[in-house]
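Counted from 1, the sequence shown has number 133 at position 133 by full-length UniProt numbering; the numbering is strictly sequential. Virtual Cβ for every residue (Gly too), placed ideally from N, Cα, C. The structure displayed is predicted, hence computed values, not measured ones.
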Amino acid sequence: MKDRLDLAEEAEMLVQDLIQMSLEQPSAKKEFFIGRRTKKKIEKAYDVLTSLDFPMHLIEEGLSHAHDVTAALQYLCLYHASADLPSRFRAYAQKSQAIKADDDETRPQLMLIPASAREDKGDSSEGHENIPLGVPIKSEELVDQDKHNAKAWTLQYLAMQENEDSPEYKMRQLRLELEQAKAEMKGLKKSKKRELAFWQAEVSRLENEINALQVSTSPATPQTPSLVAELITEAPKAEVEKDDEEDEDYDTGDLFSMLETTAATSVIAPVAVTKPNVVEVSTSVKWTGKTPRVQLQEYCQKQKWSPPQYMADSSRGKYNYSVNIKRGKQPTISATVPDIYATIDSAKDAVATRALYLLTPQLSLYRGFPPHFRDMWLTWVRQVEEEESKAKGDSAASKAAIIDGLFHLVPDNDPEQVETTSGTEEVPDAWDDEESWEDHVEDYVSTSSSEQCTPFPDTKFLQLMQSPKYKAMFPKRRTLPIAAYKQAIVQATQEHAVVLVSGETGSGKSTQVPHFLLEDMLGKNRDDGTILCTQPRRLAAIGVAERVAEEMGQTVGEGYVGYQIRLEQKKSAECKLVFCTTGVLLRQLQSNPRLNGVSCIVVDEIHERDVQCDILLGLLRRLVLAKPSLKLVLMSATLNAQLFQAYFSDCHLIAVPGRLFPVDKFYLEDAIELTRHVIPDNCRKNLNDGASSYSLNVTGCGGHVSKQILTWHDSDLRTDQVIDGPYSAHTIDMMNKVDPSSINYNLIEELVAHLVENSLEGAILIFLSGRAEIRQLVDQLSASRSLASACVFLPLHAGLSTSEQHEVFNHFPNKTKVIVATNIAETSLTIDDVTVVIDTGRVKQMRHDIKTQTSSLKEVWIAKANADQRAGRAGRVQSGKCYRLYPQELYDQEMLAQPLAEIHRAPLTGLSLQLHTLVPENCTSFWNELLEPPTEQAVLDATAELTQLGALSPEDGTLTPLGHHLSKLPLDVRLAKMLLFAAVFGCTRPIAVIAALLETKSPFVSPFGQEKEAAAKRRLFQSDRNSDLLTDLNAFNAWIVLPKDKQDAFCKRHFLHRSALNEINQLASSFERLLHQLGFMDDSNRYANETAVISAVVAAGLYPNVVRVDTSEKGIVRLWERQKQVFIHPSSINHGAQFVTPWLGYHLKLHTSRVYLPVSSGVTPLALALFGGQFDVKIELSRVAIDTWLDLPCAGRTSMLLFELRRRLSDLLQRKLDAPSKMETDDRAVVDTIVTLWKLEM
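Dropping the structure here:
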């Protein structure tokens, strides 16, 4: 599972070719000049770049185009290919290959470079006069620095620039890179073990290059002398004298493990003197501690090395010894001292002291030595310190000269020193708003006086009133209760800015109040603007518009009355009354904030308190104060009048009684008594809803504390029902078993069958909570032969097309019409033949949990006001019945009187985006002006989410160009973003289907008892990208290409729901039409069959909803969203799957006993890098951070190429959104390059 951001060599070349021309522009190189240029910055940059193994010519180039180390690194990584950069900054890791010699034998491993051959092989001191006595082995760079004075240091620097192509220089650089790579590999933390393979490949590559260079270099080639090479020579053959200690072989240790194994034995060359002195070691008292020989013996034993081997050198008289330390497979260490001693013991102790110092210079072993050998050790320590101090002092002056030269690479008066911004993406300040989306779709109100409808004379309206159609409808209108209040409503509208009409169900307010205002305008020949009437739902807007047009004797859209909903409109040039949805009016306010051309606004069903209605009321409250000519009429059936009167200070109230035929209400106990329905004994035990848990700490004996988790269901708390009335023992028994929160489809079927068998007159309206529930009930009812022959089953919900929704108004002779609906049929909709309502009392609502910052769709109980509205649907035109499938006790004691305002429970992301266009100057303060302001945390959550989506600027919170365009699309923010990217990357059709899947639900079904078989069938369509969405897309594509006569069999065989697939197809087509209206359909499906492209665009839409996949060494998978753990839902295709991507995107989180991800899709590192939020390049650390928390390993070259690619993509999106109908050649090249990168990534 790859989690690094890497570019293959081919990918690097593609990106380089794409950006090459722009990089050659003079202005491009000036972007790296940040801040003021100071010598302190230059010195720091020089030190860092040197430590990172950059050669001097690249250091000079980088600092001639930048003022600090970060900008210099960015410049070098952007303007130089990977082959020119140190290994850690390369865009791709070269493949490790085994290099063999001509005879097919493996080449020797890395060996230390031997010193140049000397003419004098004896013990002469020539060549050693500059080597201080007792210098320990150090790294080559440090010894080299210590060796030379300031002048030599400068000459070496100049020579280094001249001989950078020499084999010796290359060998030194390769060794440094190898040592650094091994250190990186050794220092990996557990959480980053996945990077081990990268560094192993890097170490293998460097070792192979070193071996190749050693073989290709002739042994006779002169090599640069170094102090390390002079100190390490072939061990002389001498007589071996074993110590008196035991001679035993030991296992090898790993001290000096950074040195490669050599075949030859290495030795520390003695420091020769011309006239050695005989050293007498004497002590005033007998030494009782451990001698250096004993300590060396114990140290070797502890390291599991062979015992020290002492060798006598008799050529110098008296006693002089050397010692060899065999360290297993590591190079043998040999130590000598120049002095000769009077005794054998003192000579061996002296050389043992030297050996211990060479092995452990950092330890204070000398403290346990006799005074003479302790002084020897301290002398060596002082000499090293003096040499290091001298080397630092000598090099300071030379380094200062180099820094001065680097500082003056950019002249003081160079215009490039002007401070500019770099390191962050350039985002355009604004989009071209000359041609907005509303100009094509939502332009139902003219915004200029020259475009206003030409007023018709009063005589034309009088002629219309005399028409037969108008007169035919007039008697019915006069019978409505609200007809008596016509004059009062019209007069109140003229005298007051805001009028509140409280009309009970059946009063006729939804159709008559707008009609009254229209007749008053036409009757007085006024042309002061259009009347707008909002409805919360599309079906209600269309239905009311058609009814009012019929009452006027006209056809909707061809006369004075029209309507406007999302993606559909019917209105003529003479239209004066327009019915629309709340969302349409909100989008109109974006482009026409003063509603020029509008004289009156009627807002219906304000009691529902949906979040869009609350926002609209807040905006209109401001507008009526700023525009006195605008009139506002608010209407509702069930209303908290005091709340709205207080909100609108000049609010005139008109209360209108309703006209409902009697509706008999029955409850769950009545339905069971009527049908004799049987509820299984294990009904409650199988429930998963309503689960609750509580954790507590229990202290036991001895103070031991254990954590206990208690879990229960709502049904566990319910006691036996106390039922009043003449109910049988069977009903009482069933009521004690039932859980009313679970929809009982069998009871509904039995109740419908009972009603049909008893010659029901009229239609049945059944209220369920959602589309999936509607689909399940319709399937179950259709499966009954007796019901299927006697009934017509019609679903009714917001996902259906307008024509499909209109079928509920049709009449079916000799058939009972059974309408299965969501709360869409609750208000503003009159189906004149409904006489029976079956109400489950459930509704699905989006709930946003501030504590966990999660949004989930939950099924909850409706309020009493909603229950009364539903019951009223059965008494609009005649007497009816309402069967409430919940106990009367629940209605009386548990249901709320009014529904909870949506603004207190729903996520505010979409509305927050719209508010930034409606009130950009004071969006934050506007929330507090609402009827019931949301919590501060809910607003902060919405703002943070929009920032992560890229819709808001993280600096000042204003709309970005992407945010401006997203605000104009009447879709969920993420889906709108996904569709826009799909149009750019040529995969509109598959992404439209995926967006439809997210708007509805998976088309797969799992019948009871066949769950495993259904899951197996779904896995047949599984994608290799760990994606629920791509899996369902594959199933949809397999179905859509089949002939019509084979689709049903395919669905049955694979547990697919055909009506769901049809619904997805229709919704996807509507999304494509929307993009076509925006002009985004040019070559829109070029990459429709590329899985890599589709997966990346899905990631763009889901971001920032991303979790990290963490797989332990034992194969245990955990998912983390920042620091919070989440879980894959059992219904997901990713449940128990092996992950090929390190990240998952998700659409929603479902919060029950755990936080689950029902729908997820794999996200690759490259998709995150291109489509994520703020892109911070941490080039010194070889990492990039996205939105400060997504941390990805990434070489410096890769990060800069991706940074530039993101900038090209941002520019492309700006041009595409400004002129969506056409893509230029350069933009197409950007798209093609990114597509190729995605293909190469997996």
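State buried or exposed for residue i, treating a residue as buried only when at least 16 other CB atoms are found within 10 Å of its CB.
i	result
PHE474	exposed
HIS965	buried
VAL1041	exposed
SER786	exposed
ARG1208	buried
MET1200	buried
ALA1035	buried
ALA352	buried
THR1188	exposed
ALA45	buried
VAL738	buried
Note the first and the last residue of the continuous beta strand (DSSP E) segment covering residue i.
i	result
MET635	631-636
ALA81	Run containing ALA81: none; DSSP gives neither H nor E here.
PHE579	577-581
ASP849	842-849
ILE838	834-839
Could you check which residue in the options has the C-alpha nearest to that of residue i?
i	options	result
GLU1180	ARG547, LEU1157 and GLY1196	GLY1196
HIS811	PHE793, THR827 and ALA825	PHE793
residue 1271	GLN869, ARG771 and ALA865	Here the chain comprises residues numbered 1 to 1242, so residue 1271 is not present and cannot be evaluated.
PHE644	THR675, ILE672, ASP614 and GLU207	ASP614
LEU997	VAL611, ASP1032 and ALA1015	ASP1032
ALA983	SER784, MET1223 and SER925	MET1223
residue 1268	ILE732, TRP287, SER649 and ALA646	A query on residue 1268 cannot be resolved here, the shown segment of the chain reaching from 1 to 1242 and no further.
GLU1013	GLY506, ARG1053 and VAL837	ARG1053
GLU929	HIS1129, ARG622, ASP3 and LYS1149	ARG622
ALA626	ARG547, ASN746, ALA497 and LEU796	ALA497
ASP527	GLU546, LEU577, THR505 and THR924	LEU577
How is residue i classed by DSSP in three states: helix, strand or coil?
i	result
ALA763	strand
MET1223	coil
ASP604	coil
MET311	strand
GLU179	helix
GLU9	helix
PHE652	The sequence as given places His at residue 652; Phe does not occur at that position. In this structure, HIS652 counts as strand in the three-state DSSP scheme.
TRP861	strand
ASN596	coil
GLN491	helix
ILE679	coil
LEU363	coil
LEU971	coil
ALA335	strand
GLN330	strand
LYS286	coil
PRO740	coil
LYS665	strand
ARG1197	helix
Starting from residue i, trace the alpha helix (DSSP H) in both directions and tell me its first and last residue.
i	result
PRO377	As written in the sequence, residue 377 is Trp, which differs from the Pro given in the question. Element bounds for TRP377: 371-407.
ILE672	668-675
ILE59	56-63
*Of all the beta strand (DSSP E) runs that stay within the bounds of the segment 765-831, which reach a length of 3 or more residues?*
791-796 and 816-821
*Hey, which unbroken runs of the alpha helix (DSSP H) at 4 residues or more fall wholly within the segment 24-51?*
26-29 and 39-51
*Please list the segments of the beta strand (DSSP E) lying wholly inside the segment 1110-1148, counting only runs of 3 or more residues, in order along the chain.*
1117-1121, 1124-1128 and 1143-1146
*Can you give, in chain order, each stretch of the alpha helix (DSSP H) that sits fully within the segment 512-564 and has at least 4 residues?*
538-551
*Which ranges would you report for the alpha helix (DSSP H) in the segment 907-949 if only whole runs of at least 4 residues count?*
909-918, 923-927 and 936-949
*Length-filtered (4 minimum) alpha helix (DSSP H) runs lying within the segment 1003-1063*: 1011-1019, 1028-1040 and 1044-1053
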